Structure formats: structure tokens, C-alpha cells
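Each remark here refers to the structure printed beneath this line.
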Amino acid sequence: MKYSVDQLIAEAGKLPPMPQAALKALALIRSPDSSAANLASVIGTDQVLTTHVLRWANSAFYGMESRIATVQQAIVVLGLDIVQELIMNYSLSDHLNKPLPGYILPGGELWHHALGTAIGAKLISKRFRLKIDDEAYFAGLLCDVGKLVFEKLLRETDVNRIEWGQHSFLEMERDNFGVDHAMLGAEIARRWQLPESLVAAIAHHHEPQMAQNHQLLAATIHVADVSMMILGVGIGVDGLRYPLEESALKRLGMTWEDLFHHVEQVAEQLTKAKELINLG
Ligand SMILES: [Fe+2]
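The opening position of the sequence shown corresponds to residue 97 in our numbering, with each subsequent residue numbered one higher.
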């Protein structure tokens with residue numbers, strides 16, 4: 097079965113929404129008058145999320161004498177930043193854990209790629225004092241979400257055709273289908289009512305120079321994404337066809353040496369994060 101662009105956009109709209117409690121909790125964390133108490137009451141409306149937050153807190157602080165028994169205590173020991181990241185991971189892991197036959201990606205690969213891109217994007221923001229830590233994490237986690245829908249186009253397509261080998265995969269996507277996974281991802285983000293900066297960074301994560309007012313964020317995601325390709329995590333059949341835009345490195349003030357150092361650092365942090373999440 098062939099899919100038209102309109103059908104794919106409609107498919108993007110059919111993806112299950114983000115859990116309500118997670119959206120409310122994230123909005124609350126961003127608001128200046130959030131407190132552990134009111135955040136705990138929002139998290140408490142979602143039983144699965146509550147269980148996760150408690151498990152994460154107890155896993156992270158294994159060995160503490162008194163176990164963490166309430167969400168409010170968990171928020172205090174983990175800190176708002178970590179709670180925010182864990183809620184986002186929880187909300188997206190079901191989506192991103194699926195196998196993507198069109199990209200010949202087994203289940204879990206896109207998830208690991210997304211997690212590494214998120215961790216890497218935040219690391220870059222911190223190291224170069226870009227002051228976009230949270231947005232970078234979320235945009236990194238979401239940048240390839242369009243692949244969930246786009247892979248349907250690829251299931252009946254020979255992605256190894258010789259003439260496509262000379263082009264980047266992104267060019268191939270556009271030339272052959274009139275749409276690419278970045279555009280579809282931005283559409284999904286829009287329907288999830290995520291902020292415009294995230295929509296723009298997802299839309300332009302392969303060509304950050306096109307992101308207008310959000311070039312810094314898009315460049316951060318681009319470099320973090322390419323770093324995961326260098327590491328070979330979740331790259332599927334298309335991974336090696338994505339070029340690095342050198343202008344993104346310049347925009348961030350990064351040298352090639354910084355990039356390779358970053359790749360090493362993110363590999364370490366990804367292993368730690370996977371341990372924490374699996375424990376939870
Ligand atoms: Fe991508």
C-alpha cells in the first residue's frame with residue numbers, strides 16, 4: 097500500500113497523545129510557582145507515573161537508610177530537572193520503543209538513539225553555556241519522532257537502490273515522497289501542542305541553518321544527533337547517509353576535537369541513564 101503525504105500527516109495526528117498528567121507536570125515544572133507539593137499532586141493522578149517516580153528515586157538512592165515512600169520526597173531527592181526528564185522519558189518510551197521495520201530498526205533502537213541525542217544535546221548546552229538545557233533535552237528526545245510514521249512509506253521501498261546511495265537519505269525522502277521524517281515529526285510536535293522552539297528544532301534538525309529564530313537549538317540537536325550516528329546507536333539502514341553540517345559546529349563554537357570528546361562523554365552518560373531507566 098502506498099501512502100500519500102496527506103495520509104501520512106493524518107497518521108501523525110492519530111498517534112496517541114502524551115499522557116495528561118505528564119503534560120500538566122511538565123507545565124508546572126516550568127512555571128515559577130511550582131513546588132514539590134503541587135507537582136506531587138499532579139503526578140499522583142497517574143498511577144503508573146507515580147510508581148515510576150518512586151522507583152527511580154529509590155533506585156537512584158539505593159542504600160539510603162529510609163526508603164523513599166512518597167512522590168513529594170522523591171521530587172526533593174531527585175530534583176526538578178531529573179523529574180522533568182524522567183517524566184518526558186516515560187511519556188515517550190512507549191512510542192519510541194517500537195520496532196521500525198521500514199528502517200530495519202529493531203525495537204528499542206530508536207529509543208536509545210533518542211535518549212543519547214537528548215543527553216548529548218543537554219551536555220552541549222551546558223558545556224558551551226547556551227542556556228537551553230531543557231529545550232535541548234526535549235528536542236533531542238523528539239527529533240526523530242516522525243520516523244514512527246515515515247517508516248510506513250519505507251516498508252515497501254527498496255532503500256538500498258543504487259541511485260539513492262549517492263544522496264543523503266533526507267534528499268531521497270523528499271525527492272521520492274515529497275515529505276521527510278523531520279517535517280512529519282514537527283507536525284506531531286505541533287499536534288502535541290509543544291512549544292514553537294521544539295517544533296522548529298525538530299523540523300530542521302538535519303539543516304539547522306534553516307531554523308530561523310531557533311538556529312542555536314537546531315544546531316545543538318543536529319550535532320547531538322550526528323554524534324549518536326558516529327557512535328552507531330539506532331542508525332538503521334539510513335544512518336550513514338546523513339551529513340554533518342559544519343556550520344552547526346561553528347554556530348556552537350565547537351571544534352572537531354570538541355565533537356570527538358563529546359562523543360566519548362555521551363557514550364558514558366548514555367550507559368548510566370539506561371541503567372537508571374531500566375532499574376525503574
Ligand atoms: Fe532525523
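Don't be surprised by glycine CBs; every beta carbon is placed ideally from N, CA and C. Note that this is a predicted model, so its numbers are computed, not measured.
Whole-number beta carbon distance between residue j and residue i, since they are thought to touch under 8 Å
i: Leu280; j: Ala108; result: 5 Å
i: Leu355; j: Phe224; result: Not a contact, Cβ separation roughly 12 Å.
i: Ser189; j: Thr316; result: Ser189 to Thr316, Cβ: 22 Å. No contact.
i: Gly212; j: Val329; result: 5 Å
i: Ala217; j: Ala235; result: 7 Å
i: Ala296; j: Gln305; result: 12 Å between Cβ atoms; not a contact.
C-beta atoms of residue i and residue j nearer than 8 Å
i: Glu341; j: Glu371; result: no
i: Leu244; j: Leu111; result: yes
i: Thr146; j: Gly140; result: yes
i: Val167; j: Leu150; result: yes
i: Ala285; j: Leu238; result: yes
i: Gly198; j: Lys248; result: yes
i: Ala278; j: His300; result: yes
i: Asp361; j: Leu219; result: Note on identity: in this sequence residue 361 is Gln, with Asp being the wrong assignment. A contact, by the Cβ cut-off of 8 Å.
DSSP-derived helix/strand/coil call for residue i
i: Glu364; result: helix
i: Leu111; result: coil
i: Leu290; result: coil
i: Asp102; result: helix
i: Val319; result: helix
i: Val179; result: helix
i: Val359; result: helix
i: Glu303; result: coil
i: Ile331; result: coil
i: His263; result: coil
i: Leu340; result: coil
i: Ser127; result: coil
Residues that DSSP places opposite residue i in a beta bridge
i: Leu211; result: For Leu211, which the question treats as bridged, DSSP gives no partner whatsoever.
i: Val345; result: Note that residue 345 is Leu in the sequence shown here, rather than Val. According to DSSP, Leu345 bridges with nothing at all.
i: Leu313; result: Beta-bridge pairing links Leu313 to no other residue.
i: Leu196; result: Leu201
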